[in-house]
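Just so we're aligned: 93 in numbering that gives the first Met the number 0 is position 94 of the sequence shown, and the numbers increase by one with no gaps anywhere.
Glycine included, every Cβ here is placed at the ideal spot set by N, Cα and C.
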Amino acid sequence: MNIMTPSGGFVPLLQKLQMLAHEDLLTAVRAPARIHYNGTVVASHPAVHTVSCEINIKQFPLDDQRCAIEVVSWAYGQEKIRLHAMTDHSLEHYKKNEEWHLLSINVSEARYDHEGISVSEVKFEVSLKRRPLFYMVTLTFPSYVMCAISVVGLFARFSTTGEREYELDEMELQESSMEILKRKTTNGYVLISERLDVIFMTFFLSAVTIPVVVLFYLSQPSAPIVMQQKKRNFPTGLETF
Numbered sequence: 000m001n002i003m004t005p006s007g008g009f010v011p012l013l014q015k016l017q018m019l020a021h022e023d024l025l026t027a028v029r030a031p032a033r034i035h036y037n038g039t040v041v042a043s044h045p046a047v048h049t050v051s052c053e054i055n056i057k058q059f060p061l062d063d064q065r066c067a068i069e070v071v072s073w074a075y076g077q078e079k080i081r082l083h084a085m086t087d088h089s090l091e092h093y094k095k096n097e098e099w100h101l102l103s104i105n106v107s108e109a110r111y112d113h114e115g116i117s118v119s120e121v122k123f124e125v126s127l128k129r130r131p132l133f134y135m136v137t138l139t140f141p142s143y144v145m146c147a148i149s150v151v152g153l154f155a156r157f158s159t160t161g162e163r164e165y166e167l168d169e170m171e172l173q174e175s176s177m178e179i180l181k182r183k184t185t186n187g188y189v190l191i192s193e194r195l196d197v198i199f200m201t202f203f204l205s206a207v208t209i210p211v212v213v214l215f216y217l218s219q220p221s222a223p224i225v226m227q228q229k230k231r232n233f234p235t236g237l238e239t240f
């Protein structure tokens, strides 16, 4: 029996909606394929697809995000190409992220009309949850420490021998720390969060509470230390009659 191996195979053109970038992983080698006895050909084309997703951060940093990846075939109708996705997803190559937590992956099949042609579609919906501890460690806690140090140093005692310059330096440090906090929150797109007022109210209360506590502690009079002297009778060797 002679087996003729074709030099190439038909690969249907599939499109990923809202795709920004595409990178093939096996461009230097031939893509693996498996031919079954009934004529079914199973081919694998591993690649990395970058898609754009709509992000809703009203509940930042306690928000959940859902990103959809839609795979369609615009060149052929549903009677020629029918897309079907496997329900058992493998997380063998999935790596945990410090900022995001993977909740679930939902797959749905649908069809829609594109220029009069019924097209098959497969939609992958990935659900992610943001980890608040990541922002507490990288953003909230360092900013709180900088503000606390600058406020405590601003109300420190000083004399007329040059400590006033140190107080001025502490004021500049406080302004710089608040500027860093503002830039971090701006770059971290927290300004459109519904919990923004809670975040800044926490820093405001911390900046007000620390000086009050320091001033109250400094205003307390120090307790006088009373040294009591005990009278002792020492023998002098002289007796009085």
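* Asked: Within this structure, are the beta carbons of residue 100 and residue 82 separated by less than 9 Å?
  -> no
* To do: Could you tell me which residues DSSP pairs with residue 65 in its beta bridges?
  => 126
* So is residue 144 buried or exposed if we call it buried at 16+ other beta carbons inside 10 Å? -> exposed
* To do: Look up residue 100 in the DSSP assignment and give the residues it is bridged to.
  => 128
* **Closest Cα partner of residue 119 within the set 200, 102, 65, 70** => 70
* Asked: Considering only the beta carbon of each residue, do residue 68 and residue 124 sit closer than 9 Å?
  -> yes
* Please confirm if residue 208 has its CB atom under 9 Å from at least one CB of chain B. => The question asks about chain B, but that chain is absent: this structure has only one protein chain.
* Asked: Is residue 72 closer than 9 Å to residue 14 when the C-beta atoms are compared?
  -> yes
* Rounded to a whole number of angstroms, what is the C-alpha to C-alpha distance between residue 89 and residue 104? -> 11 Å
* Which value, in whole angstroms, describes the spacing of the CA atoms of residue 35 and residue 42? -> 11 Å
* Sort out for me which residues DSSP pairs residue 34 with in a bridge. => 40
* Asked: Is the distance from the Cβ of residue 63 to the Cβ of residue 130 below 9 Å?
  -> no
* To do: Flag this pair as yes or no: are the beta carbons of residue 47 and residue 24 separated by less than 9 Å?
  => yes
* Secondary structure of residue 50, DSSP reduced to three states -> strand
* Should residue 163 be labelled buried (16 or more other beta-carbon atoms within 10 Å of its own) or exposed? -> Because residue 163 sits at a pLDDT of 48, beneath the cut-off of 50, its placement in the model cannot be relied upon, and the following sentence gives the value as read from the coordinates. Exposed.
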